[in-house]
Amino acid sequence: MSQFLLINRVQVQDANAIAGFTWGFPAITHFLGFSHNLLRKLSVTENFNDISLDGCAVIVHKHHVHTYGSANNLQFTQHRNPPYLHSHNKSKTPSVIEEGKMNMTVSLLIKYDGNIGNRQDSFLSWVKNKCFLQRLAGGTILKIGSVEIYSINNHNQLSALKRKLLPGFILRDRSSYLEKHYHNLLEKDPNTELLDAWLDFSMLKQKARPKCNLITKYFMNILNGKTNDQQPRDLAEKWFDYLNKPYQEAEIPNEITLYFDKLEKNVTNSNLLIQWQSYSAPNESTDAEWEYIKKPQAGYLVPIMNGYKAISKVYDNQEIANTRDNETPVCFVESVHSIGEWQSVHRINTPEELTNYLWFYHYEDHWYLCKQNQQAKTDQEYEQDAIIENLYDEFI
């Protein structure tokens with residue numbers, strides 16, 4: 236049986252919206268740091284030092300990044316800290332420190348070990364009070380909906396938890412997607428870098444395709460029964476299968492090329508044949524349409540920051556100036572980025588699957604990462620991702 240501490244509907248103001256060189260949501264390290272700080276306070280509290288916290292899942296309900304401008308030119312809303320007061324009669328206006336902030340409502344699902352027993356009310360009250368004394372992702376906690384305990388051992392208990400979290404999206408680690416895609420790119424080009432694979436997930440890419448509206452309309456009329464010729468009907472199906480593939484990654488079927496080479500040149504077909512010629516042999520002056528390039532995997536995939544990589548040895552605290560305290564050893568690090576996926580909470584099907592959404596600290600040599608237990612997708616998940624992808628294509 237798994238035991239969970241649910242800190243539900245935490246309203247946070249002015250949380251950090253920049254993580255490494257991504258933006259839009261705080262790094263997962265913020266949330267693990269929040270739960271780790273609770274654990275440290277528990278360990279020195281006499282009444283609850285027999286309770287330990289291990290693993291944290293992140294569910295988001297609302298988020299609003301402080302930006303302004305158009306979709307192609309978004310900028311963060313800035314302010315002066317501390318604010319400039321004219322009454323101070325300062326001769327120089329303080330500079331603006333660029334930062335990205337956001338408001339969000341999130342829930343944290345933290346796995347715990349230990350027997351609370353009849354201490355439940357006092358424990359939940361203690362947790363809620365300590366949460367208000369902490370910051371979450373650098374932001375101020377304004378309100379907490381509730382703090383509850385759940386024991387998940389069967390489907391009914393899981394359903395009760397999911398109803399509490401809906402509507403909400405839970406973050407899942409998809410670093411395995413990045414690894415797989417990187418190896419696929421290496422097979423095509425040995426000079427490919429890991430950054431190239433990561434950008435395929437994190438960027439919205441488009442590619443130009445020569446205009447083919449008349450060709451598509453011609454084959455659509457065939458499929459709609461405007462002709463009884465069987466060969467063009469088969470070719471029409473091949474044409475639409477070809478259009479579903481990214482341009483320049485699929486060759487035009489030879490049957491279609493031969494068909495247009497033999498098509499009668501008359502007034503009716505003149506514009507069609509002109510467009511076919513420009514499509515099959517495009518040049519710099521060919522009219523084109525931009526189409527969205529699908530990501531290497533389906534799903535609501537986003538770039539995330541999930542830890543740090545040491546870039547120096549560990550120094551004694553006295554060797555480095557301006558440290559946070561006078562005792563802790565110091566090591567210089569760089570941000571580590573990966574891929575995550577937002578999934579609706581209703582897609583959690585079993586109590587065992589719920590544990591796969593928990594983030595844990597992972598230490599390896601000079602790597603300090605936040606990871607989940609990687610699990611292969613089920614057939615049901617693939618079907619759901621296909622539905623989401625089709626809806627997204629219609630939106631684009």
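According to our numbering, the sequence shown is numbered sequentially starting from 236.
Beta carbons are placed, not taken as given, at the ideal position from N, Cα and C, and that holds for glycine.
Would you mind listing the alpha helix (DSSP H) stretches within the segment 366-413 that are 4+ residues and don't spill past its ends, in chain order? 390-400
Spatial distance of I351 from Y535 (CA atoms): 38 angstroms
At the 7 angstroms Cβ level, is L274 part of the contact set with chain B, yes or no? No chain B is present in this structure, which holds just one protein chain.
Taking 7 angstroms as the threshold (C-beta atoms), are S573 and I539 in contact? yes
Using only the alpha-carbon positions, how far apart do K529 and L478 sit? 13 angstroms
Does the segment 241-256 come close enough to the segment 332-346 to have 3 or more Cβ pairs within less than 8 angstroms? Taking 8 angstroms as the limit for Cβ pairs, the verdict is that the segment 332-346 does touch the segment 241-256.
Euclidean distance between Cα positions of P425 and E484: So the two alpha carbons sit approximately 19 angstroms from each other.
To the nearest angstrom, report how far apart V549 and V565 are at their CA atoms. 6 angstroms
Would you tell me roughly how many angstroms separate the C-alpha atoms of T558 and K446, rounded to the nearest one? So the two alpha carbons sit approximately 60 angstroms from each other.
Among all the DSSP beta bridges, which residues are the ones paired with F436? F436 pairs with nothing; no bridge assigned.
Can you give me the C-alpha to C-alpha distance between L396 and E422, rounded to a whole angstrom? 44 angstroms
Strictly by DSSP, which residues pair up with T340? Its beta-bridge partners are Q246 and K297.
Once you ignore the five residues that flank D522 on each side, which residues in its own chain have a CB closer than 8 angstroms to its CB? P445, K446 and S513
Of the residues H299, S287 and L267, the one placed nearest R370, counting alpha carbons only: L267
What runs of the alpha helix (DSSP H), each 4 residues or longer, lie entirely inside the segment 434-517? 448-456, 465-478, 489-497 and 505-515
By Cβ distance below 6 angstroms, which residues in the same chain neighbour E599 in space, the five residues on each side in sequence not counted? none
Where do the N-terminal and C-terminal ends of the beta strand (DSSP E) with E526 fall, by residue? Per DSSP, E526 belongs to the beta strand (DSSP E) from A523 to Y527.
Give me the Cα-Cα distance between T451 and M438, rounded to the nearest whole angstrom. Their backbone Cα atoms lie some 29 angstroms apart in a straight line.
Rounded to the nearest angstrom, what separates T492 and K442 at their Cα positions? 22 angstroms
Counting only the same chain and skipping the five closest in sequence on each side, list residues whose C-beta sits under 6 angstroms from that of H296. Counting only Cβ-Cβ distances below 6 angstroms, and skipping sequence neighbours, we find T340 and G403.
Residue range of the beta strand (DSSP E) that includes G268: That residue, G268, is in no beta strand (DSSP E); its alpha helix (DSSP H) goes I263 to S278.
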